[in-house]
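Notes to accompany the following structure.
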Amino acid sequence: MKLHDQSALVTGAGSGIGRAIALLLAQEGAHVGVLDFNANGARETVDLITQNGGKALALVADVSDAPQMQNAVAALVEASGRLDIIVANAGINGVWAPVDDLEADEWDKTLAVNLKGTFLTFKYAVPHLKVRGGSAMIVASMHGTRTYTIAGSTAYACSKGAQVVFAKKMALELARHKIRVNVLCPGSTKTHVNDDRVLRNIESINLNIQYAPGSKLPLLGRPAEPEEIAPLALFLASEDSGFISGAEIHIDGGQSLVIA
Ligand code: NAI
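Each number in this note's numbering comes from the position in the sequence shown (counting from 1) with 108 added on.
Here's what the structure looks like:
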C-alpha cells in the first residue's frame, strides 16, 4: 500500500470527487479525515471506507469557518497522531450571473468557500505537515485556469484561478519543509456540484463562441467519473510524485484544449 500509516485530510469528501479521493487514499492505507459540512455525506463516505476495512473519521465542518476548521484538523490529528496529506477539494459553483447582476454577498460566498476555505485548510493543517513533510493538493478546475468560456461564472472562475496562485505561493514557501503542493484541474465531472448552482440571466451574456460539433469532450465524448480523477490525487499524494511541486495538472480529457 502506497500510503501505509499515513493520515490524510480530504475536504468536501461527502460527495463526488472528494469522496472518490477519500476512498482511494483509504484503500492505499491512509487514515482519512472525511470533512464535509453535510454530516450525512461525510458519514456515508466513512461507512464506505470502513466497510472496505479502511480507517476514516467523519469531520463535520464548514471550510469557510476558521474555528470549525481548526477543531476539525485537531480532531483528526488527535485520532491519527499525525497528518501527511491534505486535499482542499470542497467547492461550490455559486451564482452565475452577469457582473452587474451579481450581488456582493453572492460573490463573497463563492470566494469564501472556494478560496478562503482553501486557505483555512492549509492554515490549520500545515503545522502538522511540517513535522515530517507531506503532500498538499487543491482541486481547482480547468475553468479559470485554462478556459474562460462559461457565461456568468466570474466569481467561480476567479476563485479557481486564485487557487492556482495560492498553490504556487505555498509550493515555494513550504518547500524547505518537504511539503509538496500541487493542483488538480478537472473538466466536467459527474457529481452533485450543479445541484445548488444558481443561473441568473446568463442568456443575456453573448460570448460569441462557436464549437465544432462534438468537440466539447474530445477524448471520450463524455464527462469524467469522480473515480477517474482520484488516481491523480493518489499519484500526487504518494512518493511516485516525489519531485513534483507547484504543478497544475489538467485532468479533463482534453476538454480545456478545445474550449480555451
Ligand atoms: P460535489 O457537490 O459532488 O461535492 C462537493 C462537496 O463539498 C459536497 O459534499 C459539499 O457538501 C461539500 N461542501 C460544499 N461547501 C462546503 C463547505 N463550505 N464546507 C464543507 N464542505 C462543503 O461536487 P464535486 O464536483 O465533487 O466538487 C469537488 C471540487 O471539484 C470542487 O472544488 C469543484 O469546484 C471542483 N470541480 C468540479 C468539476 C465538476 O464538473 N464536477 C469540474 C472542475 C472542478
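Each residue gets a CB set at the ideal place from its N, CA and C atoms; glycine is no exception.
As the structure is a prediction and not an experimental result, all values here were calculated from the model.
Backbone CA spacing between residue i and residue j [nearest angstrom]
i       : j       : result
Ile-157 : Val-207 : 42 Å
Ser-346 : Leu-132 : 12 Å
Gly-199 : Val-221 : 6 Å
Glu-214 : Val-306 : 10 Å
Ile-129 : Glu-211 : 33 Å
Ala-248 : Gly-295 : 10 Å
Arg-284 : Leu-315 : 44 Å
His-251 : Leu-223 : 14 Å
Leu-117 : His-300 : 21 Å
Ser-353 : Met-245 : 10 Å
Ala-368 : Val-171 : Its pLDDT being 45, under 50, Ala-368 is placed unreliably in this model, and the value from its coordinates should be taken loosely. Ala-368 and Val-171: Cα-Cα distance of roughly 30 Å.
Thr-273 : Arg-308 : The question names Thr, but residue 273 is Val in the sequence shown. Whole-angstrom Cα-Cα distance: 28 Å.
Glu-136 : Gly-241 : 19 Å
Gly-350 : Ile-287 : 10 Å
Gln-363 : Thr-255 : 9 Å
Ala-147 : Leu-282 : 32 Å
Gly-225 : Ile-317 : 32 Å
Gly-162 : Ala-138 : 8 Å
Leu-344 : Ile-310 : 36 Å
Ile-258 : Pro-331 : 16 Å
Glu-336 : Gly-126 : 12 Å
Val-412 : Gln-178 : No answer is possible for residue 412: the residues shown for the chain start at 109 and end at 368.
Gly-269 : Ala-180 : 26 Å
Residue i - containing beta strand (DSSP E), residue span
i       : result
Asn-179 : Careful: Asn-179 lies outside any beta strand (DSSP E), inside the alpha helix (DSSP H) at 174-188.
Met-278 : Element bounds for Met-278: not the beta strand (DSSP E) but the alpha helix (DSSP H), 262-281.
Ser-249 : Here Ser-249 belongs to no beta strand (DSSP E), and DSSP marks it neither H nor E.
One or two residues paired with residue i in a DSSP bridge
i       : result
Lys-163 : His-139
Pro-235 : Pro-235 pairs with nothing; no bridge assigned.
Glu-356 : Val-291
Trp-204 : Leu-307
Thr-119 : Leu-143
Thr-153 : Partner(s): none; Thr-153 has no beta bridge.
Assigned secondary structure, residue i (DSSP; H/G/I helix, E/B strand, else coil)
i       : result
Arg-288 : strand
Thr-257 : coil
Ile-193 : strand
Gly-241 : coil
Val-168 : strand
Thr-158 : helix
Thr-299 : coil
Ile-125 : helix
Ala-225 : A small correction: the amino acid at residue 225 is Gly; Ala does not occupy that position in the sequence shown. In the structure shown, Gly-225 sits in a helix (DSSP, three-state: H, G or I).
Ser-349 : helix
Met-109 : coil
Ala-198 : coil
Whether residue i touches residue j by CB criterion (8 Å)
i       : j       : result
Cys-293 : Asp-348 : no
Val-366 : Ser-312 : no
Leu-228 : Ala-174 : yes
Ala-150 : Val-142 : yes
Asn-197 : Thr-297 : no
Ala-233 : Leu-191 : yes
Residue-level contact to chain D via CB, residue i, 8 Å cutoff
i       : result
Ala-138 : Absence of chain D from the displayed structure is noted, only one protein chain being present.
Element boundaries [alpha helix (DSSP H), containing residue i]
i       : result
Ala-345 : 334-345
Thr-218 : 212-219
Ser-364 : 363-366
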